[in-house]
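These protein sequence lines are chains A and B, in that order. Those letters in the first sequence? Residues 8 to 214, by the numbering used here. Those letters in the second sequence? Residues 8 to 214, by the numbering used here. Inspection log for the structure reproduced underneath, given as structure tokens.
2 protein chains.
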Amino acid sequence: MSYITDPKEIEKRSFEIISQNIDETKFEKRELMIVKRVIHTTADFDFADIIKISDGAIDAGLKALKEGSTIVTDTKMVEAGINKKALKSIGASVKCYIDMPQVEELSKTYAITRSMASMVIASKDKKNKIFAIGNAPTALFKLCELVNSGEIKPYLVIGVPVGFVGAQEAKEEVKKLGIPYIITEGRKGGSTIAAAIVNALLYMIYN
Amino acid sequence: MSYITDPKEIEKRSFEIISQNIDETKFEKRELMIVKRVIHTTADFDFADIIKISDGAIDAGLKALKEGSTIVTDTKMVEAGINKKALKSIGASVKCYIDMPQVEELSKTYAITRSMASMVIASKDKKNKIFAIGNAPTALFKLCELVNSGEIKPYLVIGVPVGFVGAQEAKEEVKKLGIPYIITEGRKGGSTIAAAIVNALLYMIYN
């Protein structure tokens with residue numbers, strides 16, 4: 008069987024096909040890089056309509072990355088999907104708190120989800136300037152509460168949890184925070200989408 | 008803000024909503040568990056139409072898991088998304104070869120993608136009875152070649168790479184192998200989908 012084996016050629020052709028299938032005039036150049044990378048990751052053109060990027064969100068994300076901030080993820084999958092070579096070259100890092108013993112303990116003590124507890128613990132480190140939530144609506148709700156109570160003020164919230172219970176509502180809460188955000192409206196989202204958005208930001212700096 | 012924080016309750020309600028939105032009569036009971044878990048992971052009802060499960064694929068997967076086989080994944084994201092507690096309790100394991108030095112070396116020597124090289128290296132360990140490919144079409148093409156040349160005969164191939172170049176074609180090749188398979192027809196798929204399918208199989212044994 009014959010197939011293209013050059014990853015760069017595969018990506019180039021993929022992005023060409025995506026360009027032919029969306030209205031590129033709807034986006035400014037850097038927004039388009041995010042939208043196209045998410046479609047590349049999902050083969051789902053719905054994302055061209057549901058990704059919402061607040062004014063200044065891309066600049067805020069790039070500022071955080073250039074300052075060597077830590078990106079906090081809700082799941083190990085989002086953490087695994089972020090390009091480590093690009094992160095390292097920029098001097099930024101990624102951290103998922105979900106498996107930490109303190110998270111388990113806090114979750115039991117207060118009868119909250121581990122996802123929620125991981126946000127509480129993460130809020131204590133001021134290096135955590137980007138939050139990328141790809142799976143758990145409860146993590147995003149808790150993050151909103153921590154912002155609203157003044158515990159934390161991230162530069163950027165990437166809020167793309169997926170699902171039928173709470174995901175849509177949690178993402179609507181993000182819009183009210185007054186913090187730069189990138190979200191997917193409605194039910195769709197996921198860990199691969201969160202990672203793709205972070206990687207799109209990384210590739211704006213790293214080549 | 009108020010929201011449901013009990014993970015079991017969230018999952019239960021999610022599955023109820025999914026049930027209301029698909030034609031459940033199209034699937035036998037265990038197939039439905041796979042289809043619903045993938046929709047739960049993506050909020051994308053298209054998967055009810057594009058997931059194809061070959062005759063005997065579920066039994067083959069469960070046999071492999073019960074024998075304590077290793078599940079090989081193409082990406083760290085698929086590896087990260089598989090429920091480790093369930094795996095451990097069953098005595099099965101998961102392995103992603105992509106970061107291994109031998110893979111890097113083989114990829115350079117033969118000018119093939121690291122994804123392809125990871126399949127070549129993985130084919131040498133006979134404990135590897137399930138292959139779960141969520142991202143790279145080239146990994147799936149190479150796996151098909153290794154099956155066709157008799158290098159390896161897995162019990163089950165989960166072939167759900169995503170994308171615009173090669174993904175659809177690679178999944179069509181899987182159908183011709185004569186090996187039990189679970190695939191997603193067309194462009195859609197992804198690491199979260201591969202992990203969801205593996206987890207659905209795990210939950211048929213582990214509770």
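Glycine is no exception: its CB is placed at the ideal position from the N, C-alpha and C atoms.
Distance cutoff 8 Å, beta carbons only. Does residue i sit that close to anything in chain B?
i	result
A:M211	no
A:A87	yes
A:D51	yes
A:M8	yes
A:T120	yes
A:F54	no
A:T80	no
A:S198	yes
A:G173	yes
A:R20	yes
A:E152	yes
A:M123	yes
A:E112	no
A:T12	yes
A:I17	yes
A:P161	no
Taking Cβ to Cβ, would you say residue i is nearer than 8 Å to residue j?
i	j	result
B:A129	B:V167	no
A:A177	A:V85	no
B:I190	B:T48	no
A:F148	B:S21	no
A:L228	A:L39	Lying outside 8 to 214, the shown extent of chain A, residue 228 of chain A is not represented and no answer is given.
B:C151	B:E111	no
B:D56	B:A143	no
A:G185	A:T145	no
B:R44	B:N206	yes
A:K83	B:A87	yes
B:V154	B:K160	yes
A:L69	A:A99	no
B:D51	A:D62	no
B:I2	B:I11	With chain B running from 8 to 214 in the structure shown, residue 2 of chain B is simply not present.
Per DSSP, residue i forms a beta bridge with which residues?
i	result
B:S130	B:S130 is not bridged to any residue.
A:T191	A:I58
B:G185	Answer is none; B:G185 lacks a bridge partner.
A:I78	A:V101, A:I137
A:L163	A:I137
I need the boundaries of the beta strand (DSSP E) containing residue i, first residue and last residue.
i	result
A:Y117	Taken as a continuous stretch (DSSP letters only), A:Y117 belongs to no beta strand (DSSP E), being part of the alpha helix (DSSP H) at 108-117.
B:A139	135-140
B:G88	Careful: B:G88 lies outside any beta strand (DSSP E), inside the alpha helix (DSSP H) at 83-88.
From the options, pick the residue whose C-alpha is nearest to that of residue i; which is it?
i	options	result
B:D13	A:E192, A:S114, A:L150	A:S114
A:Y162	A:E152, A:A146, A:K136	A:K136
B:M126	B:Y117, B:F138, B:M8	B:F138
B:K134	B:M123, B:K102, B:I46, B:S26	B:K102
B:M107	B:G98, B:Y210, B:R121	B:R121
A:I194	A:D53, A:K95, A:K43	Per the sequence presented here, residue 194 of chain A reads as Arg, with Ile not at that position. When each option's Cα is compared against that of A:R194, the closest is A:D53.
A:P187	A:G196, A:D30, A:L153, A:K59	A:K59
B:K15	B:K73, B:E23, B:E112	B:E23
A:Y213	A:A124, A:M123, A:S198, A:I89	A:I89
B:I204	B:E31, B:Y104, B:E18, B:I46	B:I46
B:S9	A:A207, A:G141, A:I119	A:I119
A:I140	A:S156, A:D132, A:I105	A:I105
A:I97	A:S76, A:Q109, A:T116	A:S76
With a threshold of 8 Å between beta-carbons, can residue i be considered close to chain A, or not?
i	result
B:R194	yes
B:M126	no
B:E74	no
B:V169	yes
B:G63	no
B:F148	yes
B:K2	Summary: the structure shown does not reach residue 2 of chain B, with chain B confined to residues 8 through 214, and so no result is reported for it.
B:M84	yes
B:E31	no
B:E180	yes
B:E158	no
B:I189	no
B:T48	yes
B:T116	no
B:T77	no
Does the beta carbon of residue i fall short of 7 Å from some heavy atom of the ligand ADP?
i	result
A:A93	The ligand ADP is absent from the structure shown, which contains no ligand whatsoever.
How far does the alpha helix (DSSP H) with residue i in it reach, from first residue to last?
i	result
B:N155	144-155
B:D13	Here B:D13 belongs to no alpha helix (DSSP H), and DSSP marks it neither H nor E.
A:E38	36-49
A:N214	Where A:N214 is concerned, there is no enclosing alpha helix (DSSP H), given that its DSSP letter is neither H nor E.
B:K73	64-73
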